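Asker:
In this note's numbering, the protein residues as written are 89 to 300.
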């Protein structure tokens with residue numbers, strides 16, 4: 089039987105370490121979870137996640153969340169750990185979603201649901217309002233304006249909803265549709281983390297006596 093070289097074991101260990109992430113807060117704090125080596129899958133780094141969940145500290149507890157392009161599920165699982173009432177994980181990769189289902193079972197949570205699909209088609213269908221949306225789309229595509237439009241037109245945004253978006257830092261601040269606001273942003277390495285606020289829904293004015 090041939091022996092594996094120490095160098096081979098080292099490469100395997102480094103690969104395994106890269107395919108892991110740590111939940112950094114809440115009831116599952118410090119739990120380390122693994123994910124499959126799906127091309128392009130890149131969990132949000134600890135430093136950015138800590139910043140984002142500080143921004144959302146008052147919004148996440150009890151929130152209905154949507155984790156788009158969820159990949160490893162790091163953002164949605166972090167939200168559940170911090171008290172979100174539910175998270176819908178959406179991705180095109182079945183291996184990634186299968187891994188998230190395993191994590192939910194391991195953590196004893198029935199508050200997460202996974203759905204495989206194309207983000208555009210999924211958002212176009214509409215499926216009820218959510219309070220917090222996490223979106224980490226592929227960096228080789230420009231998604232900000234279209235994402236905001238699809239969320240608005242699909243009726244996804246509950247009053248006071250917040251949208252977290254990751255984009256390449258090299259592109260600068262994302263272009264947003266009219267009425268949307270960039271509340272906060274932070275750069276870490278090549279990633280720009282942005283917290284967005286959609287326009288407030290228009291309120292119906294009561295007709296005056298003359299109009300009745």
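The beta-carbon is built from N, C-alpha and C at its ideal position, and this holds for glycine as well. Predicted model, so just to flag it, every value in this text is computed and none were measured.
1. Have a look at the DSSP bridge pairing and note the partners of residue 217.
2. Over what stretch of residues does the alpha helix (DSSP H) that includes residue 189 continue unbroken?
3. In its own chain, which residues sit with a C-beta less than 6 Å from the C-beta of residue 225, not counting the 5 before and 5 after it?
4. Starting from residue 177, trace the beta strand (DSSP E) in both directions and tell me its first and last residue.
5. Are the stretch 162-169 and the stretch 116-134 touching by the rule of at least three beta carbon pairs closer than 8 Å?
6. What span of residues does the beta strand (DSSP E) with residue 301 cover, start to end?
7. Is it right to say residue 200 is buried, meaning 16 or more other beta carbons lie within 10 angstroms of its own, or is it exposed?
8. Rounded to a whole number of angstroms, what is the C-alpha to C-alpha distance between residue 107 and residue 128?
9. Start and end of the beta strand (DSSP E) containing residue 141?
10. Pick helix, strand or coil for residue 168, following the three-state DSSP scheme.
11. Answer with buried or exposed for residue 147, where buried requires no fewer than 16 other C-beta atoms within 10 angstroms of its C-beta.
12. Rounded to whole angstroms, what's the CA-CA distance from residue 293 to residue 220? Just pull it up for me.
13. Can you give the Cα-Cα distance for residue 208 and residue 194, rounded to whole angstroms?
14. Helix, strand or coil for residue 259 per DSSP?
15. What are the partner residues of residue 269, as DSSP defines its beta bridges?
Answerer: So, from the listed chains and residues:
1. Counting from one through the chain shown, the residue named residue 217 turns up at place 129. In the DSSP secondary-structure assignment, residue 217 is not bridged to any residue.
2. Working through the chain shown from its first residue, we reach residue 189 at position 101. Per DSSP, the continuous alpha helix (DSSP H) segment holding residue 189 begins and ends at 182-195.
3. Position 137 of the chain shown, counted from the start, is the residue given in the question as residue 225. If we look at residue 225 and ignore the five residues flanking it on each side, its Cβ neighbours are 157, 231.
4. Residue 177 sits at position 89 when you count from the first residue of the chain shown. Note, residue 177: beta strand (DSSP E), 174-179.
5. yes
6. Residue 301 cannot be examined here, being either before or after the span of the chain that is shown, 89 to 300.
7. By one-based count along the chain shown, residue 200 stands at place 112. Answer is buried; the Cβ neighbour count reaches 16.
8. Here residue 107 refers to the residue found at position 19 when the chain shown is read from its first residue. Here residue 128 refers to the residue found at position 40 when the chain shown is read from its first residue. Answer to the nearest angstrom: the Cα atoms are 12 Å apart.
9. Here residue 141 corresponds to residue number 53 of the chain shown, with the count starting at 1. Run containing residue 141: none in the beta strand (DSSP E); it sits in the alpha helix (DSSP H), 134-143.
10. Start at 1 with the first residue of the chain shown, and residue 168 comes out as number 80. Three-state DSSP puts residue 168 in a helix.
11. Position 59 of the chain shown holds residue 147. It is buried - the Cβ of residue 147 has at least 16 other Cβ atoms within 10 Å.
12. Here residue 293 corresponds to residue number 205 of the chain shown, with the count starting at 1. Here residue 220 corresponds to residue number 132 of the chain shown, with the count starting at 1. Caution is warranted here: a pLDDT of 49 is assigned to residue 293, below 50, making its placement in the model unreliable, and the coordinate value is therefore given only provisionally. The alpha-carbon atoms of residue 293 and residue 220 are separated by roughly 28 Å.
13. Here the question's residue 208 lines up with position 120 in the chain shown. Here the question's residue 194 lines up with position 106 in the chain shown. One C-alpha to the other measures close to 30 Å.
14. Reading the chain shown from its first residue, position 171 is the one you call residue 259. Reduced to three states, the DSSP call for residue 259 is helix.
15. Counted from its first residue, the chain shown places residue 269 at position 181. Paired residues: 285.
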